[in-house]
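The sequence shown begins at 5 in my numbering and counts up one residue at a time. Yeah, the Cβ is synthetic: ideal placement off N, Cα and C, and Gly gets one too. Structure first, commentary second.
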Amino acid sequence: MTKEASGRGWSGKTRSCASQPRLLCWIVGMAVLGGTAWGAEAVAVDIVAPGFVPAGELFTIDVTLGPVTALDAARLVVTYDPSLVAHVDAGRSLLGVFADASLFQVDSPSEDTTVARVNFAGTAGVSGDGPFVRLTFRALVRGSARISLSSALLVDGAARDMPTVLGPPAWVDVGVAPSFEKRNHWVFDPAPGGNRDSAANPGERLQLQVRLRNSGTGAARGVQVAVTVEDPAVTATAAEAARVTWSPGEARNSTFVLRIATAAAPSDVTFTVDVTADNGGPWRHVFVLPIVHPPVFFEHRNDWVFDPAPLANQDAVANPGERIRPRLRLVNSGTDPAQNALVTLTVSDPTVTVVSGEVRHATWPAGEARNNEGFLLDIAPDANSREVALTARVDADNGGPWFFSFAIVVVAIPVEFSYRSHWTFDPGGNRDGHANPGERVRPRVRLRNDGPGVGRNVRVSLAISDGDVTVVDGEIVHAIWPAGEAQQRRPCSVCPPQRDRAHGDGHGPCHRRYRWAVDVHDRHSHRGPRSGVFTTRVLGV
């Protein structure tokens with residue numbers, strides 16, 4: 005059929021669409037005077053409707069416009085399902101800046117179509133945006149009614165049409181609504197990241213499957229399902245799932261990705277699932293996720309430094325130059341024994357060398373804690389005070405790997421040296437314990453390491469400022485000098501002159517005193533080289 009629609013320059017034709025039973029699609033044409041408003045921005049035209057209406061009650065829908073300039077006339081065609089809703093002829097109004105139109109007509113050319121015509125006085129038109137036309141409907145029977153814009157033609161004051169963009173249809177649930185109930189949930193923990201035992205274990209990355217059912221009387225649209233976990237041991241890395249529609253009576257799975265902390269203790273973790281929909285909700289459901297240990301599972305108990313003599317000072321601290329034996333205590337918290345367990349220690353710090361980094365256990369019973377005592381580390385003599393990170397990896401034939409990070413603290417302990425005594429040893433001379441002219445003597449200097457640290461690579465240097473004495477061998481190096489120990493500086497050699505040039509008369513005995521400076525250097529001393537000044541006697545002949 006053909007129906008002419010009165011209005012300024014308007015003509016409309018209708019035809020039925022086989023693809024939409026009981027809905028009428030309008031093909032609307034317009035006699036354009038003066039051409040089209042080319043280059044204008046498209047105007048958004050949308051429908052706003054309530055999501056739910058009880059059967060038998062009135063409700064309204066609003067047609068809204070995006071920003072528009074100089075709007076002079078409009079023709080809107082709204083289609084709907086007449087088996088569920090009906091247009092109420094008396095219910096219409098103009099809204100917002102468009103409320104003062106000179107002509108506003110609403111017709112219903114068919115049972116499923118309503119046409120609204122709007123004309124504005126003058127030629128300047130109206131500019132603005134927001135709510136435009138309000139239409140009233142009555143909800144008839146239960147169901148989900150689709151209300152949509154079939155067309156929207158807008159004309160400016162020069163009778164040029166404005167490009168438009170139609171929004172999506174609105175859905176009104178008449179006496180029906182969705183409702184979501186929880187059914188069940190389970191864990192899927194595939195490799196890599198999981199051990200495929202369908203349980204949440206510490207250190208795993210797993211998929212949490214949550215099954216929900218729409219137990220309501222209507223379909224849910226624009227469904228969002230979100231999971232929230234408050235426990236700090238569990239992190240949701242993928243926490244949302246979406247559905248465009250969800251039919252009533254349908255049960256579906258939603259998948260979320262969780263990461264369980266390596267240090268997570270066995271416990272029941274509560275998580276919350278929130279469901280929202282464009283036409284209902286929200287709904288909230290609470291679930292419990294048990295975190296359990298797998299059959300074989302290792303945990304870090306504690307660690308410490310063991311630094312026995314003779315290559316360390318036994319102070320339970322890693323010091324520069326020491327060879328230490330770090331202890332790592334682990335426990336098999338699982339239910340089964342670990343078979344062929346291998347613990348491997350690695351370190352990336354250049355000042356620490358792994359001398360022995362593996363400890364093997366043929367079997368490790370469930371529930372047993374053990375020390376791993378086979379590790380050896382060398383601390384570089386020039387290491388500064390620092391914290392050194394270590395990583396232990398545990399592998400077993402029936403589980404793993406597990407990784408544990410811990411640290412040792414390297415402490416550079418200062419040393420202090422003090423002068424104790426000195427004497428002259430002249431094995432190449434007349435062995436009288438004195439430095440005589442022409443002799444090569446070996447002076448003894450006794451020093452003490454007052455601590456608190458162990459001296460390493462200690463260099464003791466002898467210097468004499470008198471030109472009559474030559475230092476032949478003036479430096480001694482001690483690889484290790486324990487705290488509290490006194491040592492003699494030897495075998496340094498000095499040569500007094502053949503004759504006492506200071507007195508020069510050859511008549512003796514003549515006595516001289518030389519001031520000898522002993523410099524003690526230690527790589528780790530915070531106070532720098534220490535000098536002790538002492539005198540010895542030379543007997544003239």
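Secondary structure at residue i, three-state DSSP: helix, strand or coil?
i, result
"residue 284", "strand"
"residue 226", "strand"
"residue 301", "coil"
"residue 504", "The predicted position of residue 504 is uncertain, since its pLDDT is 42 and thus under 50; a value taken from the coordinates is nonetheless stated next. Residue 504: coil per DSSP, three-state reduction."
"residue 101", "helix"
"residue 289", "strand"
"residue 479", "strand"
"residue 248", "strand"
"residue 140", "strand"
"residue 454", "coil"
"residue 202", "coil"
"residue 374", "strand"
"residue 343", "strand"
"residue 279", "strand"
"residue 294", "strand"
"residue 86", "coil"
Give the range of the beta strand (DSSP E) segment to which residue i is assigned.
i, result
"residue 70", "62 to 83"
"residue 156", "147 to 160"
"residue 123", "117 to 123"
"residue 168", "168 to 170"
"residue 329", "327 to 336"
"residue 97", "89 to 98"
"residue 355", "From DSSP, residue 355 is part of no beta strand (DSSP E); its letter is neither H nor E."
"residue 554", "A question about residue 554 goes unanswered here, because the residues of the chain that appear run from 5 up to 545."
"residue 404", "403 to 414"
"residue 365", "362 to 368"
"residue 108", "107 to 114"
"residue 50", "47 to 52"
"residue 192", "184 to 192"
With 16 other CB atoms within 10 Å as the buried threshold, where does residue i fall?
i, result
"residue 200", "exposed"
"residue 131", "exposed"
"residue 62", "exposed"
"residue 424", "exposed"
"residue 31", "Any reading at residue 31 needs caution, since the residue's pLDDT is 28, under 50, leaving its predicted position unreliable; the model's value is listed next. Residue 31 comes out exposed."
"residue 52", "exposed"
"residue 314", "exposed"
"residue 250", "buried"
"residue 339", "exposed"
"residue 495", "Here residue 495 scores only 49 on pLDDT, less than 50, and its place in the model should not be relied on; the value that follows carries that caveat. By the 10 Å Cβ count, residue 495 comes out exposed."
"residue 106", "exposed"
"residue 204", "buried"
"residue 324", "buried"
"residue 192", "exposed"
"residue 454", "exposed"
"residue 116", "buried"
"residue 460", "buried"
"residue 322", "buried"
"residue 97", "exposed"
"residue 422", "exposed"
Do residue j and residue i have their beta-carbon atoms positioned less than 8 Å apart in this structure?
i, j, result
"residue 122", "residue 174", "no"
"residue 153", "residue 95", "no"
"residue 227", "residue 257", "no"
"residue 465", "residue 443", "no"
"residue 380", "residue 327", "yes"
"residue 358", "residue 351", "yes"
"residue 224", "residue 278", "no"
"residue 166", "residue 72", "yes"
"residue 300", "residue 400", "yes"
"residue 46", "residue 80", "no"
"residue 135", "residue 68", "yes"
"residue 181", "residue 168", "no"
"residue 297", "residue 271", "no"
"residue 307", "residue 318", "no"
"residue 335", "residue 373", "yes"
"residue 475", "residue 467", "yes"
"residue 412", "residue 330", "yes"
"residue 89", "residue 118", "no"
Compute the beta-carbon to beta-carbon distance between residue i and residue j, rounded to the nearest angstrom, for a pair I have assumed lies under 8 Å.
i, j, result
"residue 59", "residue 146", "6 Å"
"residue 219", "residue 244", "22 Å between Cβ atoms; not a contact."
"residue 150", "residue 84", "7 Å"
"residue 198", "residue 208", "5 Å"
"residue 410", "residue 397", "Their Cβ separation, rounded to whole angstroms, is 12 Å, which puts residue 410 and residue 397 out of contact at 8 Å."
"residue 217", "residue 255", "4 Å"
"residue 283", "residue 55", "4 Å"
"residue 415", "residue 428", "At roughly 40 Å, the Cβ-Cβ gap does not stay under 8 Å, so residue 415 and residue 428 are not in contact."
"residue 486", "residue 458", "6 Å"
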